[in-house]
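Just below is one structure, and these are the notes that go with it.
Numbering (UniProt numbering), first residue to last: 1 to 709.
Put into structure tokens, the structure is as follows:
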């Protein structure tokens with residue numbers, strides 16, 4: 001895909017757009033052109049002093065000016081606004097016709113400035129050598145002048161689709177190669193006259209408000225390489241003129257390098273013309289409504305140089321082709337999730353040596369997980385949740401030293417966890433819930449996975465005690481993961497999609513675990529969710545449970561815990577879901593702070609020896625009340641003292657209200673946990689950015705290494 005950086009090198013491999021760096025410049029600039037540049041500067045406002053370098057005799061050394069090393073003529077003027085110049089540093093004012101003196105100018109970039117709605121100068125169309133013009137995001141207004149029809153590349157910013165495309169001037173733009181209208185506020189219908197731009201190679205219309213259907217005339221653009229229509233409000237079907245869908249033998253005249261179609265209902269049939277797109281490197285086709293069997297549909301766009309393929313949220317059916325890995329050896333990211341794929345995982349996946357992410361969740365895949373992981377040395381994330389996979393976890397997964405996310409929940413896997421998995425020391429998320437794994441919970445999870453953030457082993461057949469090593473894991477902040485993960489939080493199964501915010505979580509519920517809750521668990525001070533319900537745990541709740549200040553969810557229900565509820569539990573100020581039901585707890589239920597808000601009696605039900613609010617059971621001594629005097633003495637006291645007591649009642653209300661009001665305000669100001677929450681959020685964002693950067697750096701290194709081979 002071409003970018004602004006690509007355009008910066010469009011005419012010479014040595015152009016850089018700042019100063020004269022096209023080769024080794026030997027000549028000084030042409031004097032009339034220097035005068036023209038100074039006159040052009042006079043018409044502009046420059047709050048960030050970007051023109052401060054525009055002094056001296058050689059204008060070719062001025063910032064944003066590029067001269068030809070052969071003739072000395074100014075050939076390029078780049079004044080694009082950069083964020084580093086400050087939010088108020090955008091150029092403004094008027095564009096001087098002195099630019100016409102730059103007769104050899106072939107590149108003009110005034111984008112991302114603020115010209116306050118002035119019209120695009122008509123004289124720009126008289127710059128005969130101009131081949132690239134970028135005025136995007138520069139706040140120009142009015143119609144696009146027809147004089148621009150002689151340019152071969154155009155970018156501009158406007159608030160409604162210009163009449164320029166419906167006037168007779170469109171034939172004069174037949175040499176236009178690039179039309180970028182992306183990221184504006186354009187609306188209305190796309191005109192059929194677009195099809196007259198016969199030499200168009202790049203048509204970018206994304207992120208606007210276009211409505212209606214795609215014009216059939218776009219099928220006439222035989223040189224088209226890139227077409228972006230995403231993030232609009234268009235409807236209808238892809239026109240046959242673009243894909244010739246009625247003729248299965250039709251070969252398109254264009255070769256796409258990138259295909260991204262999101263949430264565009266293409267119909268039940270997969271576009272047959274895509275099978276001939278053999279130069280694709282990036283494929284995104286999600287939520288397209290295709291019911292085509294995978295082998296006759298998506299298989300058609302498997303090409304050898306493709307490095308990213310996202311086909312999630314469709315209705316693709318059938319097995320994944322056995323030769324998948326042979327056909328796409330350059331693949332780095334594969335997402336086939338949320339389809340209706342069946343069959344087994346192809347052995348050829350083991351040949352995807354550059355793969356970083358493998359997401360095949362929410363399908364009907366069956367059979368065992370193959371032993372091919374030694375061939376995927378850079379794998380970062382595995383998501384195979386919600387399938388019908390069976391057998392044991394392969395020991396070769398232990399070779400994935402870069403693995404951060406392993407999610408294979410809700411399958412039919414069995415056996416013990418392979419000890420080789422302890423070699424994956426960088427894992428952040430280990431989600432194996434909803435399977436039939438058995439044996440003891442491995443102690444090496446706590447010993448060898450210091451960065452573990454999410455541990456989810458719920459609904460398996462694990463037995464034995466909870467390893468004391470689980471309290472050895474180092475503290476780690478919350479992370480974000482692009483995918484989906486079921487976490488039992490706040491008493492229900494919540495499905496987190498898109499970019500997720502997950503607090504530290506440990507879920508070992510619904511197993512056959514026995515023994516006591518390890519005291520070491522209370523060392524995990526950043527733990528947000530602890531679910532040990534539906535097991536056979538005995539003993540008492542750890543006395544130091546109150547040290548888990550970040551705990552939001554605590555579920556110890558349906559065990560055999562005994563003893564009193566630790567008073568420190570009242571200090572868990574973040575706690576908003578608690579379940580201690582169906583145990584053998586005894587004594588008075590602690591009160592105060594956050595526990596006062598958790599007043600549902602079901603939290604403590606089926607603990608016969610518990611007493612006190614919010615249950616109806618009274619604790620010993622609660623029935624003793626001071627005896628009152630009877631008869632006339634009491635009545636006389638009420639009659640004589642009633643007025644006096646009422647006065648004091650009302651007098652005391654004022655100070656009481658003031659103390660209560662300011663007490664709350666001061667608490668809000670000085671409460672450490674609330675103040676710390678802000679800094680924790682900043683730290684979370686930093687950690688997420690580091691994770692995203694590391695993933696992209698890994699992908700870039702793969703490409704650079706491959707390019708050097």
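Beta carbons: idealized from backbone N, C-alpha and C, even for Gly.
These figures come from a predicted structure and were not determined experimentally.
Might you give, ordered along the chain, the residues of its own chain that have their beta carbon closer than 7 angstroms to the beta carbon of residue i, omitting 5 neighbours on each side?
i	result
residue 551	527, 528, 530, 572, 574 and 575
residue 375	350, 351 and 353
residue 331	306, 307, 309, 352, 354 and 355
Only counting the same chain, and skipping five residues up and downstream in sequence, which positions put a Cβ closer than 8 angstroms to that of residue i?
i	result
residue 5	With a pLDDT of only 32 at residue 5, under the threshold of 50, the placement of this residue in the model should not be trusted; the figure read from the coordinates follows. No residues qualify anywhere along the chain.
residue 45	91, 92 and 93
residue 380	356, 357, 402, 403, 404, 405, 695 and 698
Apart from the five residues on each side of it in sequence, which residues of its chain come closer than 6 angstroms, Cβ to Cβ, to residue i?
i	result
residue 84	With a pLDDT of only 49 at residue 84, under 50, the local geometry of the prediction cannot be trusted, and the value read off the model is given with reservation. No residues qualify anywhere along the chain.
residue 386	361, 362 and 410
residue 440	464
residue 398	420, 421 and 423
residue 82	none
On the DSSP bridge list, what partners appear for residue i?
i	result
residue 597	In DSSP, residue 597 forms no bridge with anything.
residue 465	514
residue 309	283 and 334
residue 718	This structure does not reach residue 718, given that the chain is present from 1 up to 709, and the question cannot be answered.
residue 585	563
residue 66	76
residue 107	76 and 132
residue 189	211
residue 119	141
residue 438	461
residue 71	Looking at the DSSP assignment, residue 71 forms no beta bridge with any residue, so it has no partner.
So is residue i buried or exposed if we call it buried at 16+ other beta carbons inside 10 Å?
i	result
residue 591	exposed
residue 693	exposed
residue 176	buried
residue 599	exposed
residue 17	Here residue 17 scores only 33 on pLDDT, less than 50, and its place in the model is too uncertain to base an answer on.
residue 388	exposed
residue 255	exposed
residue 583	buried
residue 346	buried
residue 428	buried
residue 733	Residue 733 cannot be examined here, being either before or after the span of the chain that is shown, 1 to 709.
residue 539	exposed
residue 168	In this prediction, residue 168 scores a pLDDT of 45, lower than 50, which makes its location untrustworthy; no coordinate-derived value is stated.
residue 260	buried
residue 525	exposed
Given this structure, state the Cα-to-Cα distance separating residue i from residue j, to the nearest angstrom.
i	j	result
residue 60	residue 98	17 angstroms
residue 203	residue 408	41 angstroms
residue 283	residue 564	59 angstroms
residue 127	residue 147	10 angstroms
residue 95	residue 697	41 angstroms
residue 71	residue 36	17 angstroms
residue 257	residue 333	16 angstroms
residue 232	residue 405	34 angstroms
residue 194	residue 92	32 angstroms
residue 443	residue 467	5 angstroms
residue 80	residue 219	34 angstroms
residue 390	residue 412	5 angstroms
residue 163	residue 181	Low per-residue confidence applies at residue 163: pLDDT is 46, beneath 50, and the placement is therefore not dependable enough to give any value.
residue 116	residue 140	7 angstroms
residue 318	residue 342	5 angstroms
residue 586	residue 611	7 angstroms
residue 536	residue 310	44 angstroms
residue 189	residue 234	9 angstroms
Could you give the first and the last residue of the continuous beta strand (DSSP E) run that contains residue i?
i	result
residue 177	Taken as a continuous stretch (DSSP letters only), residue 177 belongs to no beta strand (DSSP E), as it is neither H nor E.
residue 430	429-431
residue 204	202-204
residue 458	Taken as a continuous stretch (DSSP letters only), residue 458 belongs to no beta strand (DSSP E), as it is neither H nor E.
residue 319	317-319
residue 407	405-407
residue 555	553-555
residue 382	381-383
residue 423	Where residue 423 is concerned, there is no enclosing beta strand (DSSP E), given that its DSSP letter is neither H nor E.
Output the boundary residues of the alpha helix (DSSP H) element that contains residue i.
i	result
residue 40	31-42
residue 327	324-327
residue 226	Looking at the DSSP string, residue 226 is not in any alpha helix (DSSP H); the run it does join, the beta strand (DSSP E), is 226-228.
residue 448	444-448
Beta carbon of residue i: closer than 7 angstroms to some heavy atom of the ligand MN?
i	result
residue 104	As presented, the structure is devoid of all ligands, the ligand MN included, so that no description of it is given.
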